[in-house]
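Report on one structure; see the data block that follows.
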Amino acid sequence: MRSITLRVNGRPVTAEVEPRMTLADFIRERAMLTGTHLGCEHGVCGACTVLLDGASVRSCLLFAVQADGREVTTVEGLARDGELHPLQRAFHVHHGLQCGFCTPGFLMALAELWPSRGLVGREEIEEVVSGQLCRCTGYAGILAAAYDAFGVA
Amino acid sequence: MKPAPFAYESPASVDEALAALAGAGEEGKVLAGGQSLVPMLAFRLARPAVLVDVNGLEDELGGIEIAGGQVTIGAVARQRAVERAGLPLVSEALRLVGHPTIRNRGTVVGSICHADPAAELAAVALVLDATLEVRSRRGLREVPVEDLLLGPFTTSLEPDELALRLRLRPPAGWRWKVLEVSRRAFDFAIAGVVAGVGPDGTTGRVGVFGAAPRCYRVDGPVDELPELAVRRAEPTSDIHAEAGYRRHLVGVLARRALGALAGGGEVRA
Ligand SMILES: Cc1cc2nc3c(=O)[nH]c(=O)nc-3n(C[C@H](O)[C@H](O)[C@H](O)COP(=O)(O)OP(=O)(O)OC[C@H]3O[C@@H](n4cnc5c(N)ncnc54)[C@H](O)[C@@H]3O)c2cc1C
Ligand code: FES
Ligand code: FES
Chain C
22 MRSITLRVNG RPVTAEVEPR MTLADFIRER AMLTGTHLGC EHGVCGACTV LLDGASVRSC
82 LLFAVQADGR EVTTVEGLAR DGELHPLQRA FHVHHGLQCG FCTPGFLMAL AELWPSRGLV
142 GREEIEEVVS GQLCRCTGYA GILAAAYDAF GVA
Chain R
54 MKPAPFAYES PASVDEALAA LAGAGEEGKV LAGGQSLVPM LAFRLARPAV LVDVNGLEDE
114 LGGIEIAGGQ VTIGAVARQR AVERAGLPLV SEALRLVGHP TIRNRGTVVG SICHADPAAE
174 LAAVALVLDA TLEVRSRRGL REVPVEDLLL GPFTTSLEPD ELALRLRLRP PAGWRWKVLE
234 VSRRAFDFAI AGVVAGVGPD GTTGRVGVFG AAPRCYRVDG PVDELPELAV RRAEPTSDIH
294 AEAGYRRHLV GVLARRALGA LAGGGEVRA
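These protein sequences, in sequence, are chains C and R.
Counting in the numbering used here, the first sequence runs from 22 upward without gaps.
Counting in the numbering used here, the second sequence runs from 54 upward without gaps.
Next comes the structure, spelled out in structure tokens:
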């Protein structure tokens, strides 16, 4: 066991963990934030995507010990002061979700691009969206939401 | 779908990493980007007793250097960083490797060491006469990627060896084109080629991925390359495609890529 401290959405979370505990399980079972979902646990579906120091990662493919001392942002960290993030609002408006299982992953993968909005075009958005699996929507609503949020025609 | 228990080492230097690997004997495994290894741990296809995490060796192994016609890529240089390093052929191939999120963590050297028969980067390494600098406490060796790849997910690396850097040697004046067919954009290829034509316009090389137990390369006159590439294919059937279709793709993709190159343009290495 190792004692590690991660900053999750700005809040320090310290826990004793086995090295084999994934970052995803740390987020869900130690930080007690269950917005990060686990679909496949082998990197394929993207449901577990979070930001690590601002870069998107599959949290099922990283061990929590590897994130010791680093900053993690999960879907719970998107809204500010009770206001949805513009990406979340756009998903709501454009019906970018049905069951919602995949939604945190899509939001976090797109959130990586958010600081470069204005420079981001359709191609970058589609590249990101293609890395995430959604079994409900057929992607049309998700793409419409992303194009709208990023202001690309 | 959770990895079995393992001991975790996070060395702060290459020397410490080599000591940890030597100490682990047959039971150690290097953890780089984890984008292939962690899924294998989750499926318990791999059950190393000790994981030696090299992600802390950024200072020693994080570099990407372009000098004297040679490109050197350190073992912990992320695919995302290499993609943006101004190497047109490598970037074009990397755009086909997984998704941006996967490339944020995955390394170029890790992809070579993983020896996936469908790895784009292994085919690029073969056509660019790449070698891998490999070290253990027993010594240092420079292994041609041609000799490294033995079969599916199998290399000539010993368990105590750490790959430090990949060296690519793009021949002067060549032009390149990467083509693949996959089920979904950025997924693993069903089959693909990295085709190149030399400055004389008549001799070329084709690297093939996804069509044999390991990536391979053929050299020859441009007109004969598609046929040579097809003849070396040893495809297998799986849920994604039948062997015959893969073999067919090798010929079609090689012809298309070389055809595009004959029209001029396309990327330099
Ligand atoms: C959803 C998804 C899609 C993907 N799509 C593609 C694709 O289209 N094409 C493709 O080629 N790959 C694809 N990959 C694999 C990805 O490119 C990996 O990043 C890469 O294969 C391995 O690099 P890594 O740094 O993650 O290595 P790791 O997973 O950390 O290691 C892989 C293997 O190499 C060994 N190793 C790594 N570094 C060293 C070293 N320095 N010295 C000695 N041994 C070492 C490890 O011990 C392990 O056996 C995909 C992965 C995922 C999850
Ligand atoms: S749960 Fe991590 S990618 Fe599917
Ligand atoms: S909304 Fe159900 S999987 Fe995407």
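Where is the CB? At the ideal position from N, CA and C, for every residue including glycine.
On a predicted model such as this, the values are computed, not experimentally measured, just so you know.
Fill in: For Leu138/R: DSSP bridge partner residues
The question names Leu, but residue 138/R is Ala in the sequence shown. Ala138/R pairs with nothing; no bridge assigned.
Item to complete: Can you tell me which of the three DSSP states Pro274/R falls into?
Response: Residue state, collapsed to three classes: strand.
Discussion item. Using a Cβ-based criterion (distance less than 8 Å to any ligand heavy atom), does Thr125/R qualify as near ligand 1?
Written reply: False, no ligand heavy atom lies under 8 Å from that Cβ.
Worksheet item: Could you give the distance in angstroms between the alpha-carbon of Leu179/R and the alpha-carbon of Trp135/C?
Response: Trp135/C has its alpha-carbon roughly 37 Å from the corresponding atom of Leu179/R.
Fill in: Of the residues Leu278/R, Val187/R, Lys55/R, the one placed nearest Leu74/R, counting alpha carbons only
Cα-wise, what sits closest to Leu74/R is Val187/R.
Fill in: Assigned exposure category for His58/C - 16 Cβ within 10 Å defines buried
Label assigned to His58/C: buried.
Discussion item. Shorter than 8 Å, the distance from the beta carbon of Ile48/C to the closest heavy atom of ligand 1, or not?
Written reply: False, no ligand heavy atom lies under 8 Å from that Cβ.
Worksheet item: In terms of DSSP beta bridges, what is Ala242/R paired with?
Response: Looking at the DSSP assignment, Ala242/R forms a beta bridge with Ser235/R.
Discussion item. Is there a C-beta anywhere in chain A that falls below 9 Å from the one on His167/R?
Written reply: The structure shown contains no chain A; its protein chains are C and R.
Worksheet item: Cβ of Glu97/C within 9 Å of Cβ of Asp74/C?
Response: No. Outside cutoff.
Discussion item. Please tell me whether Ser63/R has its Cβ less than 9 Å away from any Cβ of chain C.
Written reply: For Ser63/R, the answer is yes, since a Cβ of chain C falls inside 9 Å of its Cβ.
Item to complete: Check whether the Cβ of Phe206/R lies closer than 9 Å to any Cβ atom in chain C.
Response: Interface criterion not met: the Cβ of Phe206/R is under 9 Å from no Cβ in chain C.
Practice prompt. With DSSP collapsed to three states, give me the class of Pro92/R.
Written response: Judged by DSSP in its simplified three-state form, Pro92/R adopts helix.
Discussion item. Checking the sheet assignment: what are the DSSP bridge partners for Asp169/C?
Written reply: Paired residue(s): none; Asp169/C is not in a bridge.
Practice prompt. Could you name the residues of chain C that Gln132/R contacts, counting a contact when the two beta carbons are closer than 7 Å?
Written response: Neighbours of Gln132/R on chain C: none; closest Cβ ~12 Å, over 7 Å.
Worksheet item: Which residues, in chain order, does the segment 61-92 of chain R contribute to contact with chain C at a C-beta distance below 7 Å?
Response: For the segment 61-92 of chain R, which is checked against every Cβ of chain C, the residues closer than 7 Å are Tyr61, Gly87, Gln88, Val91, Pro92.
Worksheet item: For Ile292/R, does the count of other Cβ atoms within 10 angstroms reach 16, so buried, or fall short, so exposed?
Response: Ile292/R comes out exposed.
Discussion item. At the level of alpha carbons, what is the spacing between Leu278/R and Leu110/R?
Written reply: Looking at the two C-alpha atoms, the distance is approximately 41 Å.
Discussion item. List, in chain order, every chain R residue whose beta-carbon is nearer than 8 Å to that of Glu62/C.
Written reply: Annotation: Cβ neighbours of Glu62/C in chain R (cutoff 8 Å, chain order): Met54, Lys55, Ala95.
Worksheet item: For Arg138/C and chain R, any beta-carbon pair shorter than 9 Å?
Response: At a cut-off of 9 Å between beta carbons, Arg138/C makes no contact with chain R.
Practice prompt. Find the residues of chain R that neighbour Thr70/C, judging by a C-beta separation of less than 8 Å, and give them in chain order.
Written response: Per Cβ cutoff of 8 Å: Thr154.
Fill in: CA-to-CA distance, Asp89/C to Arg309/R, given in whole angstroms
Roughly 48 Å separates the two Cα atoms.
Worksheet item: Taking Cβ positions only, does Asp102/C come closer than 9 Å to chain R?
Response: It does not: the Cβ of Asp102/C has no partner Cβ on chain R nearer than 9 Å.
Item to complete: Starting from Ala60/R, follow the beta strand (DSSP E) in both directions and report where the run begins and ends.
Response: Taken as a continuous stretch (DSSP letters only), the beta strand (DSSP E) holding Ala60/R covers 60-62.
Fill in: Neighbour-count burial assignment, Arg137/R, 16 or more Cβ in a 10 Å radius
A residue is called buried once 16 or more other Cβ atoms fall within 10 Å of its Cβ, and Arg137/R, having fewer, is exposed.
Discussion item. For Pro58/R, would you say it is in contact with chain C, using Cβ-to-Cβ distances shorter than 9 Å as the test?
Written reply: Residue contact check for Pro58/R against chain C: a CB pair falls below 9 Å.
Fill in: Host beta strand (DSSP E) of Val29/C (start-end)
Per DSSP, Val29/C belongs to the beta strand (DSSP E) from 23-29.
Fill in: Contact shell at 6 Å, judged by CB to any heavy atom of ligand 3, ordered along the chain
In chain order, the qualifying residues are Leu118/C, Gln119/C, Cys120/C, Gly121/C, Phe122/C, Cys123/C, Cys155/C, Arg156/C, Cys157/C, Thr158/C.
Worksheet item: Quick one: what's Val283/R bridged to in DSSP?
Response: Looking at the DSSP assignment, Val283/R forms no beta bridge with any residue, so it has no partner.
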